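Note that this note's numbering has the sequence shown beginning at 381, numbered continuously upward.
Working notes for the structure below.
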Amino acid sequence: MIFYLRMHCFLALTLSVVFFPCEGNSEACTLSFGELGEGNPRAFFQQVMPGTATLGGVGFQLTEQMLRVRAGSEKTLHFPATTAESIHFLHFTENAGDRVGSYTLLYEDGNREEIPLQNGISIQDWWLTGPLPFAAEAFTDTLGGIHTGKSVSFWRFSVRNPRPDVPLCGITATVIDPTVTLNILAVTLDHDRSERIAGIPVWVPGMDEESFILALLEQPEKTGEEAKFCARLAQTGSRKCIPLLASYLLDEETSQGARIALEALPYEEARNALRSGLAKSKGAVKAGILESLGKSGQKTDLPLLLSALDDKDPSVVRAAVLALGKFGGPPALRSLWHTADKASEQCLPLVQEALLACTDTLPASGRKEAFRSYRQYLSRWSDSPGAAAAWKGMLLTGGRNSADLLFQALMSDSDASWQGALSALPHMNSKKAVRRAGKALDQLQDSRRCALIAVLGQGKNMSALPFVLPWIEAEDQQTALDALDALIQLDSSDAVPALIQRAVRKDGAIAEAALQALASLRASGTAAALVRYLDHADPAVTETVAKVLELRREDSVAPELRRLVHHRTAKVRIAAAGALAAVGNASDAALLADVWHQSDSPEDAAACFSTLQKLVARLGSDETYIQTLAACHARSNTPQRCALFSLFGTVGAPQLLALLGDAAATGTPEEKEAALKALSRTRNPDALPLLQALLKSGISDTMRLPLIRNMAALSQADEMNDAARTALLRECLDGAKNLQEKRILLSALNRCSSPDALVLAEAWFHREGTEAEGAVAWGTIALALLDTNRTEISQAFPALFAEAQAAGLSANALEPLYRVRKILNAEAVPGKSLRFKEICIDTAFRSEGIAIADINRDGLPDVVVGDYWYAAPGWTAHEIRPPGTYDALTEYSRAFAVFAEDVNRDGWADVIVVGFPGAPVYWYRNPGKTEGHWQEYLIAVEACGETVLYEDITGDGKRELIFAMNKRITWLTPGQDVTAPWIAYPFTHQLEQFALFGHGLGIGDVNGDGRTDVLSTVCWWEGPTETTRPDWTPYPADLGPDCAHMLVYDANNDGLMDIITSSAHDYGIWWFEQQPSGQALPSFIRHEIDRSISATHALIQADLNNDGLADLITGKRFYAHGKEDSGALEPALLCWYELQRDMQGNPSWTRHVIHEDSGVGTQFEVCDVDGDGLDDIAVSSKKGVRIFLQRRDSSS
381 MIFYLRMHCF
391 LALTLSVVFF
401 PCEGNSEACT
411 LSFGELGEGN
421 PRAFFQQVMP
431 GTATLGGVGF
441 QLTEQMLRVR
451 AGSEKTLHFP
461 ATTAESIHFL
471 HFTENAGDRV
481 GSYTLLYEDG
491 NREEIPLQNG
501 ISIQDWWLTG
511 PLPFAAEAFT
521 DTLGGIHTGK
531 SVSFWRFSVR
541 NPRPDVPLCG
551 ITATVIDPTV
561 TLNILAVTLD
571 HDRSERIAGI
581 PVWVPGMDEE
591 SFILALLEQP
601 EKTGEEAKFC
611 ARLAQTGSRK
621 CIPLLASYLL
631 DEETSQGARI
641 ALEALPYEEA
651 RNALRSGLAK
661 SKGAVKAGIL
671 ESLGKSGQKT
681 DLPLLLSALD
691 DKDPSVVRAA
701 VLALGKFGGP
711 PALRSLWHTA
721 DKASEQCLPL
731 VQEALLACTD
741 TLPASGRKEA
751 FRSYRQYLSR
761 WSDSPGAAAA
771 WKGMLLTGGR
781 NSADLLFQAL
791 MSDSDASWQG
801 ALSALPHMNS
811 KKAVRRAGKA
821 LDQLQDSRRC
831 ALIAVLGQGK
841 NMSALPFVLP
851 WIEAEDQQTA
861 LDALDALIQL
871 DSSDAVPALI
881 QRAVRKDGAI
891 AEAALQALAS
901 LRASGTAAAL
911 VRYLDHADPA
921 VTETVAKVLE
931 LRREDSVAPE
941 LRRLVHHRTA
951 KVRIAAAGAL
961 AAVGNASDAA
971 LLADVWHQSD
981 SPEDAAACFS
991 TLQKLVARLG
1001 SDETYIQTLA
1011 ACHARSNTPQ
1021 RCALFSLFGT
1031 VGAPQLLALL
1041 GDAAATGTPE
1051 EKEAALKALS
1061 RTRNPDALPL
1071 LQALLKSGIS
1081 DTMRLPLIRN
1091 MAALSQADEM
1101 NDAARTALLR
1111 ECLDGAKNLQ
1121 EKRILLSALN
1131 RCSSPDALVL
1141 AEAWFHREGT
1151 EAEGAVAWGT
1161 IALALLDTNR
1171 TEISQAFPAL
1181 FAEAQAAGLS
1191 ANALEPLYRV
1201 RKILNAEAVP
1211 GKSLRFKEIC
1221 IDTAFRSEGI
1231 AIADINRDGL
1241 PDVVVGDYWY
1251 AAPGWTAHEI
1261 RPPGTYDALT
1271 EYSRAFAVFA
1281 EDVNRDGWAD
1291 VIVVGFPGAP
1301 VYWYRNPGKT
1311 EGHWQEYLIA
1321 VEACGETVLY
1331 EDITGDGKRE
1341 LIFAMNKRIT
1351 WLTPGQDVTA
1361 PWIAYPFTHQ
1371 LEQFALFGHG
1381 LGIGDVNGDG
1391 RTDVLSTVCW
1401 WEGPTETTRP
1411 DWTPYPADLG
1421 PDCAHMLVYD
1431 ANNDGLMDII
1441 TSSAHDYGIW
1451 WFEQQPSGQA
1461 LPSFIRHEID
1471 RSISATHALI
1481 QADLNNDGLA
1491 DLITGKRFYA
1501 HGKEDSGALE
1511 PALLCWYELQ
1521 RDMQGNPSWT
1531 RHVIHEDSGV
1541 GTQFEVCDVD
1551 GDGLDDIAVS
1561 SKKGVRIFLQ
1571 RRDSSS
């Protein structure tokens, strides 16, 4: 079955019902809904009367009840077991969705059969009248009132019982669409086995896709999807679909789909349908059929194509010409040449195209005819757009003459012949052709020569090698570089000698490219050729080859490199050692050390020593390597030991550190200095005791500072516990000789997180010269200890903070202390201790959304309301765009939501403005220090829904816009070009309630799977692993009336996420308690929080009183719909609701009024505006723009 409906767990209402016979048909009976019945059909259709009626060709017994199945639920009718051939439903939906649900037939033997319900196929919204492919329009009525004259309908849907001999005992009606209500007026069972009733096919469970599509196509009423369904038969059709396709072939709207299917079906009947259709058609339909026949290549179709050349319709003639080109073969080719002789100027390009296409199709046996055709083409139209293709074809079919023709084409001044030759050459396997092309290189200009060299490389014909090789010596740099690239593609070890000679010169880009070419060759024998070259080459060549071997990193050459490190020439030894360092193993360290010891000059020694460094960089602290270094140390002189010490520090092995310690204590002055430098750079924390001892031993001041720096760095190692770290730094600080050393060590104290470290930091804060470092250390440590040592920190902080401020420390030094102050200020207090200081920024109605951001980068938070931004601290207004003037009682602003974001990542906060529902969304680029209106960029052409979110829905740490577009909830993010409209990812089915306005939207992890879900009032969508998917799984949920922001929070601390909402245009704030259940789908019970304020059109959750529980902040949206909304004229309160829980975890909320004449808009902000660690509130509404700074009673 082509419609697969995934089933979820639903609440089932199961009651027993009876059935009674239909009048006039003793074998038919209509089921009674019994206690399941609700509602009256006449609420929808005033002219429907109870009683017996034949509707849609079937008899039904109508009553004053219906069976209503709401979104996300199911109901089961149980009845005495009875057999039936067919089941007939009278039904319709409210709020049609893509997927509706299903009927499931329940049998006495326990089996069941599911019948899918698909919108527009077997059922329809009552407002969308007209017949359906599998449902007859059974009744039509017209509405009155404000919808006077509007037609409405319900439908009769009939199903063939797949098991007529097994008694039926029940039918389950299921709705999975989160917006749909299914209404069933009646269900009749009978023994009718008709395939059609009143012209509408009966649904046969399990029907194959072809049968389903044919049933759709046979309907008298058209849906506009017929062409698509016809084309689908190309994959699923059989002989039985051909007659219907033939009828659709002649309809201009469906012809393309029909012929796609017919040309794909492997039956002669399909070919005959196309041929027959050609005689009956004209215009675009006939042209399309000619195209299909042209693809066949069947000889019987050729006369039809040829006759079409004489058609009076130019479009048909053009189609015939192109079809002959695809058809191919000598007869078609001759006809096309005949047509070319009389073709009009407008038609000639098509004829030329067809001639080339037709000639290309000639078989190998027709090579000579193809050659003649290409040559004739060029003789007539040498300058046409197809001339290059004709040259290519002629060269590929020229036989023995191809090489000479190729040379002629390459030497011609014609661009067409040149391009044709370049296109043909890679496909010409003839050595003669390649040699002729190679000989042409000497006679071409540089640009053409480069292009030909590149093509010779692409052909990978080894015959080109002797012709390409000399050009690596070209004076023109580009020619030489292109020749080197071609050699890489030819990939022959025969090129090795020439490439080596070119690389040896070391004269810039060409030599370097030759070196890279040698490194890139992968032909078998290349490495062997390079090694062979070493034995008979001069030192410069040997050095180059060794460098190439180093780049190639082939283990197989290691034995030869080991031999070469004993070469009589130093440069060869050094080069071989360098290559061996790249491919050798730890045992080669001894060999490399020997080469180093035997160096004749300081320069050679430095080069050889670098090979030892390369080896350690590759192998790390290999034990063999370590032992080799230790042995090397024993037989080295002082300069060699000083060089080795840098390696000892890098490796950091205990054995090597001990040697460094001995040298620092007892070595020569040169060895001491080198050892101390190595110890100042080692990254092994095991060196710390050695460093401590050296600092106490009285080393020079110039060497102390590097050791102090390294001690500070090594003390940060993860292996060191906090107590050891603190003790080490305390001892070092006590022994520090100057302020610089002390400051370095105090900076390392930041990593500690113990009370001892806090005491140590405070002590050094009080000492002269280290106040700043001590303050940073104390603040950083205190932040780590606040959870465990809050009392001690809160007692010490006031005096220390005051002293730090009085000392005039920098903002950077004070920053950790400010962070500590924020956390200490944010102590838990009862809600009654909170009060708010009002800052009125603007009394005018500017917007119903607001953002807080540092717009001018002065370190202070500014306020943004769409048309304006207000600069702190004086709140001077600056225009972002030409501002509007809005009457709060009669108009809306152009900013329903405002968000700050650095969209173009230039370091300046930009502004995103969402306007009236359905209006475009824009972002405005912050001009920085430039005055004037900001540049506007489109994000989306519409944003529907009255609540727009800017949250991280994908889990990547970046926020995305979330709103409805095209009736689907969508998230959007900028692409690489941030000035272009943002990339939109719709993820829900179409939701009629979000066609323009729409209420209720939120995100959160509803089911606790760690991914972000999305909520509406009727459904929530489970966040998938791949958030870009367009089909997030919907789960029906009754989450109350129209609301604003929907919050996901565990209100009662039971481990299950609940949902909190507030009424957008009526009274009410609610929480929906998620019920513990073993079922896959969560269910919710609604509880009221408050209903004293209406139109709470924005809702935010924040822990205002820092008691660990998230409180609610909301308010009235004044005059949201003028006087129409409930409580429209009541005060515009701004409130917060303090959450508390009793011993059992039951939540309750206490309302606290923040302001009595502010309210909220459709979006507002809760954040720390003044930097004191307490959440403040910023609102912009019809009452103006305000900030409310949180303050606390001193008694708290």
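For every residue, glycine included, the Cβ atom is placed at its ideal position computed from N, Cα and C.
Values in this document were obtained by computation on a predicted structure and should not be read as measured data.
Under the DSSP assignment, Pro1366 falls in the beta strand (DSSP E) whose first and last residues are Ile1363 to Pro1366. Following the DSSP letters along the chain, one finds Cys549 inside the beta strand (DSSP E) bounded by residues Leu548 to Val555.
Annotation for Gly1308: Trp1288 place their beta carbon closer than 6 angstroms to its own, counting only its chain and skipping 5 residues before and after. Residue burial is scored here from C-beta neighbours: Gln825 has fewer than 16 other C-beta atoms within 10 angstroms and is therefore classed as exposed. In the three-state reduction of the DSSP assignment, Glu1331 falls in the strand class. Put simply, of Asp570, Asp1002 and Ile1349 the residue whose alpha carbon is nearest the alpha carbon of Ala966 is Asp1002. In this structure, Asn1485 lies near Glu1518, with their beta-carbon atoms less than 8 angstroms apart. With respect to the C-alpha of Asp1434, the residue from Arg1521, Leu1427 and Asp1167 having the closest C-alpha is Arg1521. Within the model, the alpha-carbon separation for Val665 versus Ala804 is close to 38 angstroms. Exclusion of the five residues before and after Glu465 leaves Arg540, Asn541, Pro544, Asp570, His571, Asp572 and Arg573 as the residues of its chain whose Cβ lies within less than 8 angstroms of its Cβ. Beta-bridge partners of Asp1290 (DSSP): Glu1281. With a threshold of 16 other beta carbon atoms within 10 Å, Pro683 falls short and is exposed. Counting of Cβ neighbours within 10 angstroms places Pro1034 among the exposed residues, the total staying below 16. Exposed is the label assigned to Ala1208, since fewer than 16 other Cβ atoms lie within 10 Å of its Cβ. When beta bridges are read from the DSSP output, Asp1550 appears opposite no residue. Around the Cβ of Ile1363, a 10 Å sphere holds fewer than 16 other Cβ atoms; the residue is exposed. Counting C-beta atoms within 10 angstroms of its own C-beta, Cys1220 has fewer than 16 neighbours from the protein chains shown and is therefore classed as exposed. Here DSSP, grouped into helix, strand and coil, assigns Lys602 to coil. For Pro877, there is no enclosing beta strand (DSSP E); the enclosing alpha helix (DSSP H) has its first and last residue at Val876 to Val884.
Residue Leu442 holds the alpha-carbon nearest to the alpha-carbon of Leu565 among Leu629, Leu442, Pro496 and Ala553. Of the candidates Ala1107, Leu1085 and Glu1051, Ala1107 places its Cα closest to the Cα of Pro1069. The closest CA to that of Leu629, considering only Glu648, Thr1030 and Ile669, is found on Ile669. Taking a cut-off of 8 angstroms on C-beta distances, the region 720 to 739 touches the region 753 to 763, as three or more cross pairs fall below it. Excluding its 5 nearest sequence neighbours in each direction, Leu1036 has C-beta neighbours in its own chain below 6 angstroms: Phe1028, listed in chain order.
With a contact defined as Cβ atoms closer than 8 angstroms, Trp1144 and Leu1163 miss out at about 18 angstroms. Contact between the region 1191 to 1201 and the region 1460 to 1479 is not established, with fewer than three Cβ pairs separated by less than 8 angstroms. Met1523 counts as exposed, since fewer than 16 other beta carbons sit within 10 angstroms of its beta carbon.
As a beta-bridge residue in DSSP terms, Val532 pairs with Asp521. Taking 8 angstroms as the cut-off, the beta carbon of Val731 is found no closer than this to the beta carbon of Leu742.
A distance below 8 angstroms separates the beta carbons of Gln1570 and Phe1216. Around the Cβ of His1535, a 10 Å sphere holds 16 or more other Cβ atoms; the residue is buried. Taken atom to atom, the span from the alpha-carbon of Phe1544 to that of Asp1389 is near 29 angstroms.
Put simply, the region 1370 to 1385 does not touch the region 1310 to 1318. Fewer than three CB pairs are less than 8 angstroms apart. Within a 10 Å sphere around the beta-carbon of Asp1286 sit fewer than 16 other beta-carbons, which makes this residue exposed. For Ile954, the number of other beta carbons within 10 angstroms of its own is at least 16, and it is reported as buried. Close CB contacts of Ile577 within its chain, under the 6 angstroms cut and outside five residues either way in sequence, are with Gly437 and Ser538 (chain order).
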